[in-house]
Amino acid sequence: MPESDDFSDIIRLISDIRHGKLYNSYDVAIQTEELIEKLISHGQWKTAQELMDLIKLRIEKLMTALPQEATSVNIMRHILKIIREEYDAGFKGRGEGQQSLHHLVTADPENDADDYSKPLSNLRSSLLDNLAEYKVELESSADNIAAQASEHIHSKEIILTIGKSNTVENFLKSAAKSRQFEVIVVEAAPLYHGHSMAVSLAKSNIQTTVISDSAVFAMMSRVNKVIVGTHTVMANGGLRAACGVHMVALAAKHYSVPMMVLAHMYKLSPVHLCSYEQDAFNVCASPANVLPYSSGPLLNKVHVYNPVFDYVPPELVTLFISHQGGNASSYVYQLLSELYHPDDYE
Amino acid sequence: MDQSKDSKGNKKVGADGLTKKERRALKVNAVSKNVIENKDQAKTEAQKNPAAIKDKATSVSNEVKSQTTIKKSNDSQVSVKSPDVSTTVNQTNNKELKAQRRAIQEAQRLAKANAKNIEQAPGGKEKQNDVKEKKVEESNEPSKAELRAQRRAIQEAQRLAKANLKVEQPVKQQKEKNDQGKSTNKTITSKKDVSKSDKAKHKVQLFNHLYFENAKVASLKSKNINVDGVHAAFIKIGAQYSSKTILGSNARCLAMLSALKSLISDFVTPSKQEFCRSLESTLNVCITHLSSCRPLAVSMTNALKHFKIHLTQMDTNLSDDAKRALLLENVETYITDQIDKAGEAISIQVLGKIFDNDVILTYGCSSLITKILLDAHKQGKKFKVIIVDGRPLLEGREMLRKLVCAGIQCSYILINAASFVMSKVTKVLLGAHALLANGYVMSRTGTAQVSLIANAYKKPVLVCCETYKFCERVQMDSFVYNEIGDPNKLITIDTLEENSPLTNWENSNYLAPLNLMYDVTPPDLVTAVVTELAFLPCTSVPVVLRIKPTV
Amino acid sequence: MSHKSKEVIKKDVVQAVVVAENFRNDFAPITNDTPLALLPLLNVALIDYTLEFLSLGGIEETFLFCCSNVDLIKEHLEKSIKNSAGWSLTMKVNIIISESCRSFGDCLRDLDAKGLIRSDFVLLESGTIGNIKLLPILKKHNEICKVDKGAAMTIILQEAGVGQAGRCLHEELLLVSTLNNRVLFHQKLGRSNTRKIELPLEILVDNSAVNILHNLKDTHIAICSASVLPLFSDNFDFQTRDDFVRGLLINEEILGSTIYWHLIKGSQYGASITNWRMYQAVSREILHRWTYPLVPDMGISTRENNYTHLKNNIYRNKNVHLAKNSNLVEDVIIGSGSSISDGSQISKSIIGENIKIGKNVIIEDSFIFSNTSIGDNCTIKHSVIGSDCILKPGNKVTCGSILGKGVQLPKDKFVEDSLVQSKKPEGACAADKLGEKAYKLKHTDDDEESDSEEEGLVKQLSRLHIADQEIEESDDESVASSKSDEELSYTTSPVPDDTNLFLTEVIDSLARGFEDKLQCDNLILEINSSRYAYNVTVKEVNFNVVKAILMLPFQLSTGQPYLHSLRPLLVYFSPILKNYIRNTNAMTDCLQAVQEVASTNNELNECVVTVLNWFYNKDHLSEEMILSWFSGIDKNTRFYARVQPFINWLQEAEEASSSEDE
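Which chain is which? The protein sequence lines are A, B and C, in order. At position 169 of the first sequence (counting the first as 1) the number is 169 in the UniProt record's numbering, and the numbers step up by one without a gap. At position 49 of the second sequence (counting the first as 1) the number is 49 in the UniProt record's numbering, and the numbers step up by one without a gap. At position 398 of the third sequence (counting the first as 1) the number is 398 in the UniProt record's numbering, and the numbers step up by one without a gap.
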C-alpha cells in the first residue's frame, strides 16, 4: 500500500460529522460517495485489491472514531461490493462469488475466489461509471420512497410519527397530494424536532396534532398507522432509532397498530446488537436538554441520562419501506447479502 | 373572522334573549353586594349601592361629569331614606329589572353617540359590551338625544339604588342564591360558546367534547375574581387549581376539604333557614365555581359525596353550633382516615416490598409515592430511584428535589428514555388519579406508557392508591373522559437554546398542540394495586366499592 | 468543505486568544514541573479541551500564550497535530512565547504590541473548557458594535444555581445590567472580604429599569473588539480580566467603552479551572457529560475513542484489567493500561493511565495521574496523586492531600490535608520528611480567608465532600428549610426594629472583629456602647450576642458547612461569651438564643448537640440550667428530638466523647 496515503479525506469527514456540520444521513451518504469517487479517480492504487484495502482502512478509521456512524460505512461497504463485482465481471469465468451454493460446495480452498490482486485495465473507468449510477440511485432514493406513499396511506387515516425525519416528511407530504388524512406528531423530547416537523407538515396543509411523548399510549388506540424513520436497520431487522421510537413501537404493538419504517438502503448495516449498554450502540448527549444547568445543587447528586438512540427489536416492526419497495423485517438479511459482500461485514 | 363569529353568536341570542341575559347579569351584580356581607346594615348597604350605581352609570357614559355632583346628592338622600323603605320583593325585582333594562337601552344610545365609552366599561359585563357593539352597528339616532339619554340614565340609576336597598330581607336570599347558582352556570356556558368560537379551528376532532372544559377554564381567566356567593377560600383554591399551583388529586382534595372547613365555620344560617340545607346550597355554588375552574378530581367528588351524605343525615334538632362542630369533626376524620391513615397503611405495605439494592422507577410526582420512598429511606433501606418525567408538567423535578434533599440516590430521565433504563429497574411504583370500576387506572398522562414499557421488560408494576380514589365510573380509553390542559404549555421549553418553532401555532389552521392531562392504564399492565386494605388486583375495585359504602 | 456549513462572519478568519497561564501557583506542587495547560483532566491535557472547544466553536486561528515550560507545550501540540487531532483540521494554532509576562494583562499588552489581531476575537483565560457555539455570539457582538461604537467586550455567562459545584465560590458574581444586556455593575463577591455591596446610585438614576443578577457563573470566555488590546496597553493597572471590566465600568465616560454580557442557554456549557475545587467540579461535570460532545467516549482530541460509557457514568478504557470482584461505584474513569485487583472499590475518581491498583484499595473523590502504582489496602480520599508516584501498601491519604510528581510513600503512612513533593524543599524539618522521596510542604492551618493560596483551595477540595455529606444527612423536612437557609446565608436582611438593629450591629462588629482579629475586650466595649445606643435590656443583650455569634457563619458565607465555620468563631469569641453569660438568667437567655436560631435554620439544628456540648464543656452553661431549660421545650419539635440525646447523655453523665457529638 502506498505510503503517500494520508487519511486527510476520511479524517475531515469524521470531524465534519462530529462537529455536526453533516447532520442528516443523506448528506453523509453523498459526502462519503464523493469521497470514494475521489479516491478511485485520484488515489494511488494499481489493483482492485489495493483499492479495497484503501477503502477498508477508511472504514476501520471511521468505525473507531464514530462507532455510531453507520451510513457512510455502509456506503463504503456497498462500494466494496461493487468493486468486487466489477472485478469479477472483468475476468469472465469467475462466477457470482459466494452467491451460489453450488459454487460454495465446489470451490476448493486454493480457488482464487477472493484474490483481487490482478491488475485490470479499465477497472477505474468502469468503477466510476458504476459509482455515478450509484450516486443517482442515492439521490433518487428519497423520492422513490415518497412515491410509494399513496400505496400505504388511505384517506381519513390517522398517522402517528415521532420526531423529525426528512424521509417521513416527504413521504407524508407526497401522500397529502392525493389523500386527506391527519397526522399526530410526537414532539420527541429532549430535542423536540417534532415541533418543526409539525410546522412543516402544517405548511403543506396536513391536519397536524402535536402531543408530548407521555401522551403516546393514550393516543395510540385511535391511530391507524405508525410511520417512523430510523438511524440504522440492524442485521436482525431491529432498529437503532432516535430515542422514543421504542416506546412508540411498544404502544403500537399493544394496540396492534401497524408500524412502518422508512429506510434508505444505506441504512441497512450488517451489524448485530451486542448489548443494550452504550458501548458501540448508544450514546448519551448532554443532560442539559433534560434538566437545565441552573437547577442548582441538585446536580451535584443526580445522574441525568439523555440517550440518543433506542433499540427496537424486529418483532415490533411491521414493514420496512426502502426505495425498492416494502419488506418484512425477516427479509432484511437477504437485502444485506444483496447489498454487501459477506467478507466486508466486519 | 372572529368578529363575524362573535356577531353571529350574539345574533342567536337575539333581542329578547338579550334582555333575559341582562336581567340575570345585572341581578347577580346587584345582589352580590348583599351576599358578600349579608350581615351588614342598611346604612352601609346604601353607601355601597351608590357605588354600584356609579359604575353602572359610568359604564353607561363617562362624560357625565356634569351630573356626578347631582348623583352625589342623590346618594346621600338615598342613604337617608334607606332604612324605611318597605315593599315586596318581586315588585322591587321587577322595578329593578325594568330600571336596569332602561338603563341599558340608554347606554346603547350613548354607545352609538361615542363608541369609545364602551371600551371603558368595566370588564365585568362583556356581554353588555357585545350587545352595545351590536347596537352601535344598527341604531342611528340624532345626537341631541344624548343629553336626554344621560338624564334618563341617572334617574334610572337612582331608582335602581332604591330597588337594591330593599333586597335585604334574608327571606329571599336563599332563593336568590339558588338562581345565582343557576345564573353563574348560565353566564359560564354563554361565555363558553363565545370563547369556543375562536377556539374552533384549533381543536383536535377526537376531543371536541373535551374542549368544553378547556373553554370554561379559559373563560374563567377572563372572569373577574369575586364570584357571587362563593366563599373566599373556594375562590382562592379555584384560582390555584386553574393555575395548576395545586396539583395532584390528594393535594387538590385536601385543599378543597380545608376550604370546606373554613366555609362551615364561617357559615351563618340565614334566619328562618335550616342550617344544613342552606349550607348545602351554598356549598353547591362553591363547587360549581370550582368545577368551572378545573374539572373536579375523582378524589374530590368522592369526598364531597361522603360529606353530603352526612350533611343530609344530620339530625335536625341540634343547635347550629353542634351541627357545625359535628360537620367539622366529620371532615377531619375523613382527612385522617381516608387520606392520612390510608397513606400510612399503604406505605407500610409497600415498605415490605422494598429491599436493599432495589432500583425503583417512578413517574411524575405522586405525593403518596414520595412519602413511601422517604419512609423507606428513613428505615435505612439502600435503594436507588429513577424518576421518569413527562412534559409538559415536569412534576418529576419536584419529586427529584424532595428525594435528593432527603439523600436518596436518584437518576432523572424523560419518559422517552424509559426503555433505556428499564432493564436495570427492579420495581415500578406509580401513583394514581383514580381507580375505575372496570379496573383501569386513571392517572397522569404517561403512566400507562411507563407501565407498558415496564411490562415489555417484565418488571412488576405497583400502583399505589387510597381507596377513597376508587370510583364507579368505567372507562376503556383516554378519550371519553379526560381533561385538556393549556396547549401553550407544550410550547414552552426551558432546556432549549431557541424557542420552539410552534410558538405561533394559532396562525395556522392545520396545527393544534394537544395537552392531555390523564390517561388510563389497562389492568393487564398493572401487577397489583396497593391500597390501605391490601395488595389487590385491579379487577377487585368493584368489590372494594361494595364493601366500602362511604366511598 | 468544512467552511461550507459554517457561516463565517467576516472575510478574515475568526480568531481566538488563549492565555495558558494563570500566574498563580494554585496547583502546586503538581504544576511545579508540568504547565497548567498540560494538567491532565480525565487523562487528557487541559489544553486539548480548550483547543477542541474552540475548533468546535468555529474558531479558525488561535493564539496560545505560554510563559513557562513552553517546549513541553510545543511538543504536545506538535504531537497532536502529527496524529491529526480534531482541532488541527479546522484551526491554526500559533504559540506565542513571552517569558517576560507576569500577568494576564501583560500578555494582552504583548499581543497588542505584536499587532496580530485584526478584528473581534474570542478571549479565553487559562484552563477554560466548554461546548459553546461561539460564532452566533461573535455575530451578536458584531451587531452590538454596529449600534454602540464603544462596545469593547461581551462576557459570556452561564446560569447556575447557588451551591452548585460548578459555580466557584470565589466568583460569586453580582451583575447589574440594562435590559439590552449592557453591564453596569460587575463584582466578584467572593474576592472581596467585605460582605456589603454598594451599588452606585447613578445606576438606578440613569436607567429606568435594570436587571440585577446573582444566579450566574463566569465562564471566563469573552468576545472582545479589537479595541480591547489598546485599552489594556493604555492602562497598565489592568492585570486580570476582572480588573479590565471594573476599570471600564468605573471610568466608563473617560475610556468611552462599554461591556455587554451574553447568557448561554440550552446544552451550552462553559467553565474555567481556576483552582482544585473547580478542577474537581469540572471533572465531575465532564463525567456527567455537560460538555458533550467533549466527553471521553467521543474522544476529546484524538479520533480514536478508547472509552466506553457505562451506566452510572463509568468510563472504561478498552484495555483495562478489572479483577472480578473489584467494584466501580459511580463517576469513575479508568485510563488505558490500568489494572485493578480484587476487592478494590472506586467511586467518583479519575484513574489515569498505566496505574496498578492493589487489593482492597478504597479510592473516593480522588484524582490519580498516570503511571502510579498503589499498594494493597491503601485508602485514598479527596486527594490528588501526581504522576509516577509509588504508594507502598497500607498508606492512607485523605482530606485534600496532594502528592506531587514522583512521590514515593513508604509503608503505612498517614497523610492528611497536606502537600507532599518528591524533592526536599528548603528548610524542611525532620517532621516533614515522610520518606526518601516524600516531603511535606510548609503548611499553616489558620486563616480561612486565603483564597489564592493553595492550601486554602486544598481545603475546599476536602470541603466539597463534607458539603456532600451535609446533603445526605439532612432529611425531608429540611427540604424547605435547607433551601430557606441557603437564601438566608446569601441574603441576611433582618427586620429593622430596635433590638433587631442592635442584633445586626452586633453581628457586624463581631464579623469585622473576627475578620481583622480585633481584641475581644474591644468588641465587648463596642457591643455595650451599641447596647446603650439602642437601649436594650441586659437579657436582650445576652440573647442577641449569642444569637449573633450563631448567625455569624451565614454572614461570612465561606461556603463551608455551618459547623466548620462556627467552631473557630466560638473559640475566638469565648471571652465575649464568658463576659456576658455570667449568671443563671444569662444562661437561659443563651439557651433560648440557641433554640431560636436552631429552630429558624436547619444547619444549626443539625449540629445543635455539638454546640451545646461545647458550651457545656467550656462551662458557659451549667448542667442543671440546661436540664431545666430542656424540660421547658415543646416535646414534639424536631429541635427537641435533636437535643434529646445530649440530655440523655448529661443525665447518664457519660464520657464527654459520646458518639452523638459528630
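Built from N, CA and C at the ideal position, the CB exists for glycine as well.
If you check each beta-carbon in the region 259-280 of chain C against every beta-carbon of chain B, the ones closer than 9 Å belong to I264, K265, G266, S267 and Q268.
B/D477 sits in coil when the DSSP states are folded into three classes, being neither helix nor strand. With respect to chain C, the C-beta atom of A/C284 has a partner C-beta closer than 8 Å.
Under the three-state reduction of DSSP output, A/W45 falls in the coil class, being neither helix nor strand. If one requires a minimum length of 3 residues, the beta strand (DSSP E) runs lying completely within the region 55-118 of chain C are 61-66 and 92-97, in chain order. In terms of beta-carbon proximity, A/I11 lines the interface with chain C, with at least one pair separated by less than 8 Å. Excluding sequence positions up to five before and after B/V204, its CB lies within less than 6 Å of the CB of A512 and L514, all in the same chain and listed in chain order. Of the other Cβ atoms in all chains shown, 16 or more fall within 10 Å of the Cβ of A/M234; this residue is therefore buried. Close to C/L213, with beta-carbon spacing below 7 Å, lies no residue of chain A; the smallest spacing is near 11 Å. For C/K311, at least one C-beta of chain B is nearer than 8 Å to its own C-beta.
Between the alpha carbons of B/I386 and A/P314 lies a distance of about 27 Å. For B/D375, same chain residues with a beta-carbon under 7 Å away, outside a window of 5 residues either side, are S347 and L351 in chain order. Uninterrupted alpha helix (DSSP H) stretches at least 4 residues long and entirely within the region 436-499 of chain B occur at 447-456, given in chain order. According to the DSSP assignment, C/V228 belongs to no beta strand (DSSP E) but to the alpha helix (DSSP H) extending over V228 to D234.
Measuring C-alpha to C-alpha distances from C/R531 to each of C/V541, C/F65 and C/L523 identifies C/V541 as the nearest.
Taking a Cβ-Cβ threshold of 9 Å, the residues of chain B close to A/D310 are N416, A417, S419 and F420, in chain order.
Contact annotation: the region 115-134 of chain A does not touch the region 147-164 of chain A, with fewer than three C-beta pairs closer than 8 Å. In the DSSP annotation of this structure, the continuous segment of the beta strand (DSSP E) that includes B/D519 starts and ends at Y518 to T521. Following the DSSP letters along the chain, one finds A/L160 inside the beta strand (DSSP E) bounded by residues I158 to I162. With respect to chain C, the C-beta atom of A/P287 has a partner C-beta closer than 8 Å. Against chain C, the CB of A/A235 has no partner CB under 8 Å away; the residue lies outside that interface.
Chain-ordered, the chain C residues with CB closer than 9 Å to the CB of A/H303 read H288, K311, N312, N313, E330 and D331. Inter-segment contact for the region 221-230 of chain A and the region 242-261 of chain A is present: three or more beta-carbon pairs are separated by less than 8 Å.
Contact check for C/S126 against C/L54 fails: the beta carbons are separated by 8 Å or more.
Leaving aside the five residues that flank B/A297 on each side, the residues in its chain whose CB is nearer than 7 Å to its CB run, in chain order, S249, R252, C253 and H433. In chain order, T379 and F414 place their CB closer than 6 Å to the CB of C/K396, counting only its own chain and leaving out the 5 sequence neighbours on each side.
Scanning B/M399, B/A303 and B/S271 for the CA closest to the CA of B/L283 turns up B/A303. Residue pairing by DSSP places A/Y331 in no beta bridge whatsoever. Nearest neighbour of C/Q345 by Cα position, chosen from C/K324, C/Y49 and C/N354, turns out to be C/K324. For A/A241, the closest Cβ of chain B is not nearer than 8 Å.
Contact of A/P67 with chain B is not assigned, every C-beta pair being separated by 8 Å or more. Close to B/P513, with beta-carbon spacing below 7 Å, are these residues of chain A in chain order: V210. Of all alpha-carbon atoms in A/S286, A/H323, A/V228 and A/L268, the one lying nearest the alpha-carbon of A/S337 is that of A/L268. Put simply, of B/V421, B/L257, B/N208 and B/A417 the residue whose alpha carbon is nearest the alpha carbon of B/E332 is B/L257. By the neighbour-count definition (other C-beta atoms within 10 Å, threshold 16), A/H195 is a buried residue. Look at B/P542 here: in three-state DSSP terms it is helix.
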